[in-house]
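Chemist: First the structure, then my questions, so here it is.
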Amino acid sequence: MPSQLDIVIIGAGLSGLAASIQCALSGHTVTVLESARELAEIGAGLQLTPNATRLLHKWGVYQNISGPTEPRTCSVISYKGKLLAHEDRFDENIRRKYGAPFADCHRVDLQQALVKRAKELGVQVLLNKRVIGLDFEAGVGDEEGPPCVSISLENGGTIEADLIVGADGLWSTCRSALLGVRDAPLPTGDLAFRIVLNIEQIQDEKLRKMVQEPAVRFWIGPDAHVVAYSMRGGSVYNVVLLVPDDLPESVARTEGSLEEMRGLFEGWDPVLTQLLECVDKVDKWKLMHRPTLPSWINAQSNTVLIGDSCHPMLPYLAQGANSSIEDGAVLGLLLSPPHYAAKTQLPQTLQLFQELRKARGEAIQRETFKQRRDFHLRDGEEQRERDELFERWLGKEVKGSFPSRWTCPEVQPWLYGYDAEKEVDAVLSKAEEKP
Ligand SMILES: Cc1cc2nc3c(=O)[nH]c(=O)nc-3n(C[C@H](O)[C@H](O)[C@H](O)COP(=O)(O)OP(=O)(O)OC[C@H]3O[C@@H](n4cnc5c(N)ncnc54)[C@H](O)[C@@H]3O)c2cc1C
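Using the UniProt record's numbering, you'd call the opening residue of the sequence shown number 1 and step up by one each time.
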């Protein structure tokens, strides 16, 4: 293929692996450089939404994730234990509306399924390769195409590429190289206590039964909320507690204190506090974000950013990974023949990518902050109005704007209905129509 590119993806997180699959499917030579010595996605559970599962399914990845669990219900409970919103047949409704599932899984299970598919497609995944610098003007490039990029590795050596995909996450080196300055992520003001409970840790029969049900539950209260769901077929329960950040500026992650964690939720719904009694280990994560960038592409059109490196967000809509998977798909699809036919087209192709992805990524970022506002209201007038709105629709099909965007008919279709393939087809047809 004359237009074939040597693509180097920096980072084997969920965005990098997704991009590697779609770029390989488009016929390019793809190498993924990962700084870690082994692939073991940090963290625990992950909620996958139809905007990503439809892609994972097409790639043959979804079928290989072990134990994806489709929640049958989705509920919002006030911190005092009152049911505010509840959707039965959540799983069926989602499949009917979007033609793809909503599923909860373990991150490692997804990462392994992605790596397996990437390797089947000939992608080289190289571990223990920390990238420390990029030279955007290293080579002349082919004919009139952009110059090659040279990648410097921490343990010595350099690698050349036609195109670099910066998928190196929140602390991205590629982002710094593109900006020409090292800018640190910013605190969002919140942190997450992350908990994984094995079913054996729950002795109480009633609680154990509840945890085994495939369900997503939110508890919402002043300045805080909790999201909990079962995964791996009900054998593991994932709980995330979102609270104001009290970690020192220099600490991004640490082991949390069980006493402190329980203290923060004292007086909340007894079902939740009973659940927290079963916890024997918790991690405390500062939730960070980044200002929006003027561009996700460098001036030489040989480097592009995707995922958390360019649109990190609060995890309050579970869209960080899902939208990063969309990024990878859109990039790879735009780089596929016949519309992508020569290296000289790389600048326009990356511009099209940015047109399709930047506004959406940044809009989702903003929406996560709106969800924080609606979930974290302190007791008072606004909270009462919110709860009245919740309760007005309890047991009915929600219409109009709704404080939980997980079921809001104005936001959910925009998030879950996104079809990367259709978006690419539409933008390409439009480009062809132009004289
Ligand atoms: C508490 C919490 C819960 C969340 N829940 C969800 C959820 O349910 N659903 C969802 O969609 N999202 C969720 N997210 C967000 C999601 O985890 C991230 O948005 C997603 O993992 C970003 O993927 P990424 O590939 O862009 O970055 P990362 O996952 O950070 O991957 C970057 C990779 O690059 C590697 N790397 C970094 N620097 C270098 C370098 N210099 N050289 C080589 N390799 C490098 C890293 O080792 C890493 O493997 C959650 C986040 C948090 C904090």
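Built from N, CA and C at the ideal position, the CB exists for glycine as well.
Looking only at C-alpha atoms, which of C310, G263, D283 sits nearest to K358?
Modeler: Considering only alpha carbons, the answer is C310.
Chemist: Please state the DSSP three-state secondary structure of F369.
Modeler: Reduced to three states, the DSSP call for F369 is helix.
Chemist: Please tell me whether, using a cut-off of 7 Å, the distance from the CB of W59 to the nearest non-hydrogen atom of ligand 1 is below it.
Modeler: Every heavy atom of ligand 1 is 7 Å or more from the Cβ of W59, so no.
Chemist: Count the C-beta pairs between the segment 37-57 and the segment 313-333 that are closer than 8 Å, then say yes if the count reaches three, no if not.
Modeler: Contact between the segment 37-57 and the segment 313-333 is present, because at least three Cβ pairs lie under 8 Å.
Chemist: Can we count A431 as close to ligand 1, meaning its CB is less than 7 Å from some heavy atom?
Modeler: No, since every heavy atom of ligand 1 falls outside the 7 Å radius drawn around the Cβ of A431.
Chemist: Where does E160 sit, in a helix, a strand or coil, going by DSSP?
Modeler: Correct three-state label for E160: strand.
Chemist: In three-state terms, what does DSSP make of S26?
Modeler: Note: S26 maps to coil in three-state DSSP.
Chemist: One question on the structure: do L39 and Q111 come within less than 8 Å of each other, judged by their Cβ atoms?
Modeler: Contact: yes.
Chemist: Tell me where the beta strand (DSSP E) around L186 begins and ends.
Modeler: From DSSP, the beta strand (DSSP E) with L186 extends over 186-198.
Chemist: Among the candidates S3, I7, K284, A161, whose CA atom is the shortest distance from the CA of V251?
Modeler: For the residues S3, I7, K284, A161, the minimum Cα distance to V251 belongs to K284.
Chemist: Compute the beta-carbon to beta-carbon distance between L84 and E433, rounded to the nearest angstrom, for a pair I have assumed lies under 8 Å.
Modeler: Wrong, their Cβ atoms sit about 48 Å apart, outside the cutoff.
Chemist: With DSSP as the reference, label E87 as helix, strand or coil.
Modeler: Of the three classes helix, strand and coil, the one that applies to E87 here is strand, per DSSP.
Chemist: What is the DSSP secondary structure of H57, counted as helix, strand or coil?
Modeler: Correct three-state label for H57: helix.
Chemist: Using only CA atoms, which one of N51, F102, I77 lies nearest to G67?
Modeler: The residue with the shortest Cα to Cα distance from G67 is F102.
Chemist: For V149 and I306, what's the separation of their Cα atoms in angstroms?
Modeler: For V149 and I306, the distance between alpha carbons rounds to 17 Å.
Chemist: Roughly how many angstroms separate the alpha carbons of E255 and F193, rounded to a whole number?
Modeler: Whole-angstrom Cα-Cα distance: 9 Å.
Chemist: Please name the residue, chosen from A167, T188, P147, R182, that lies closest to A12 on a Cα-to-Cα basis.
Modeler: Of the listed residues, the one whose Cα sits closest to A12 is A167.
Chemist: So Y340 packs on G221, CB below 8 Å; how close in whole Å?
Modeler: Between G221 and Y340 the Cβ distance is about 50 Å, and since that is not below 8 Å, they are no contact.
Chemist: For Q348, name the three-state secondary structure that DSSP assigns.
Modeler: Here Q348 sits in helix by DSSP.
Chemist: Relative to the alpha-carbon of D223, which residue among G60, S401, R378 has its alpha-carbon at the smallest distance?
Modeler: Closest option to D223, Cα to Cα, is R378.
Chemist: Compute the distance between the beta-carbons of V8 and I159, then report whether it is under 8 Å.
Modeler: Their beta carbons are under 8 Å apart, which means V8 touches I159 by this criterion.
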